[in-house]
Structures are given as structure tokens and as C-alpha cells.
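Under the working numbering, the first residue of the sequence shown carries the number 1, and numbering increases by one thereafter. Glycine included, C-beta positions come from ideal geometry on N, C-alpha and C.
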Amino acid sequence: MLNYILVFLIAIVPLIELRGAVPFGVGMQLDLFWVYVLAILGNMLPVPFIYFFARKILVWGSDKKFIGKFFKFCLEKGEKGGKKLQAKAGRGLFFALLLFVGIPLPGTGAWTGTLAASMLDMDFKSSVIAVMLGVILAGIIMGLASMGLFGGLSAIFAPK
1 MLNYILVFLI AIVPLIELRG AVPFGVGMQL DLFWVYVLAI LGNMLPVPFI YFFARKILVW
61 GSDKKFIGKF FKFCLEKGEK GGKKLQAKAG RGLFFALLLF VGIPLPGTGA WTGTLAASML
121 DMDFKSSVIA VMLGVILAGI IMGLASMGLF GGLSAIFAPK
């Protein structure tokens with residue numbers, strides 16, 4: 001039971017998120033269905049808070065003595081990521097956000113995607129749906145990767 005709780009808690013942590021929780025659960029030989037469900041729930045839990053409060057907190061803290069530099073960095077990263085996403089996506093911003101969150105690369109999870117959506121003033125419902133679908137996609141990719149599917153495919157298709 002403790003390991004399932006750890007999967008949930010790992011998925012909440014920024015930068016690690018579901019991308020770390022699923023391999024942890026698979027490595028602990030936990031039931032993949034429950035690992036997947038708990039990792040998605042854990043990864044999605046902070047999304048509404050990030051959407052509604054992160055930008056306000058970052059703006060508030062950007063001029064503070066000890067935290068100002070870090071908060072400015074986060075604010076600039078969110079704005080830069082959002083503008084880059086919008087420039088590439090145009091009208092397809094929903095799908096761009098979904099893919100941004102869904103393709104498990106460093107710095108492209110639910111936390112960053114939600115912050116970018118809030119910086120772009122995307123509506124809440126569209127943002128949450130795009131982020132959730134992205135988290136589900138990332139979960140599928142990480143589940144397959146954790147079970148060795150990609151390694152098995154490379155062994156089959158790799159030139160000899």
C-alpha cells in the first residue's frame with residue numbers, strides 16, 4: 001500500500017510528475033492499472049491551483065529579496081514557453097498543449113503546460129482537458145517504455 005501512495009506523491013512533484021511515478025511503480029512491480037490511475041490523479045491534482053494561482057504568486061514574489069530571481073525565472077520560462085507554443089500552434093493551441101504535456105521530455109509536463117496555458121489566458125476548461133489528455137498520453141508512453149516495449153522494438157528493428 002505504501003508504494004501506491006508513493007506513486008501518487010511522486011506524480012505530484014514538479015519536474016518528476018507522472019514521468020517518474022510510472023517507472024517507479026513498474027520497477028516496484030505494482031499493478032500497472034493502479035499505478036497509471038494514481039499517477040494521473042497525482043499529476044492532475046495541482047493543475048487547478050497552478051492555473052489559478054501560480055502566475056499571481058510568481059508576479060507577487062518576483063520583486064522579493066530572496067525568492068525574486070527564482071520567481072522571475074519561472075515567470076519568464078512560463079511566458080516564453082507559452083509564446084513559443086502559441087507561435088507554433090496558432091489556432092491549434094489545444095492540440096499543441098496536449099502534445100507539449102504528452103510527449104515526455106524534460107520540462108514539458110502538466111506543471112509547465114498549465115502555467116503556459118494560464119500565461120496565454122486559455123480558458124480553464126480547455127486547459128484542463130488538454131493537460132489531462134496530455135498526461136494520459138505521457139502515461140501510456142511511460143508505461144510502454146517502463147515495460148521495455150521500446151527496447152524490445154529496437155531489438156527487432158535495429159540493423160544487425
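Reference residue i; option with closest CA among the options
{"i": "PHE33", "options": "ASP63, ASP121, LEU133 and VAL7", "result": "VAL7"}
{"i": "ASP121", "options": "ILE40, ALA110 and LEU93", "result": "LEU93"}
{"i": "VAL47", "options": "ILE140, THR114, GLY90 and ILE57", "result": "THR114"}
{"i": "PHE100", "options": "ARG55, ALA130 and LYS64", "result": "ALA130"}
Exposure label - residue i; buried when at least 16 CB within 10 Å
{"i": "GLU76", "result": "exposed"}
{"i": "PRO104", "result": "buried"}
{"i": "GLY68", "result": "exposed"}
{"i": "LEU97", "result": "buried"}
{"i": "ILE12", "result": "buried"}
{"i": "TRP111", "result": "buried"}
{"i": "ARG91", "result": "exposed"}
Where residue i sits in the DSSP three-state scheme
{"i": "LYS64", "result": "coil"}
{"i": "LEU15", "result": "coil"}
{"i": "PRO48", "result": "helix"}
Spatial neighbours of residue i in its chain, beta-carbon cut-off 7 Å, leaving aside the 5 residues before and after
{"i": "MET132", "result": "MET44"}
{"i": "ILE136", "result": "ILE40"}
{"i": "ILE141", "result": "PRO104"}
Beta-carbon contacts of residue i that lie in its chain and below 8 Å, excluding the five residues immediately before and after
{"i": "MET147", "result": "VAL26 and LEU32"}
8 Å Cβ cutoff, residue i in contact with chain B
{"i": "ALA110", "result": "The structure shown contains no chain B, having only a single protein chain."}
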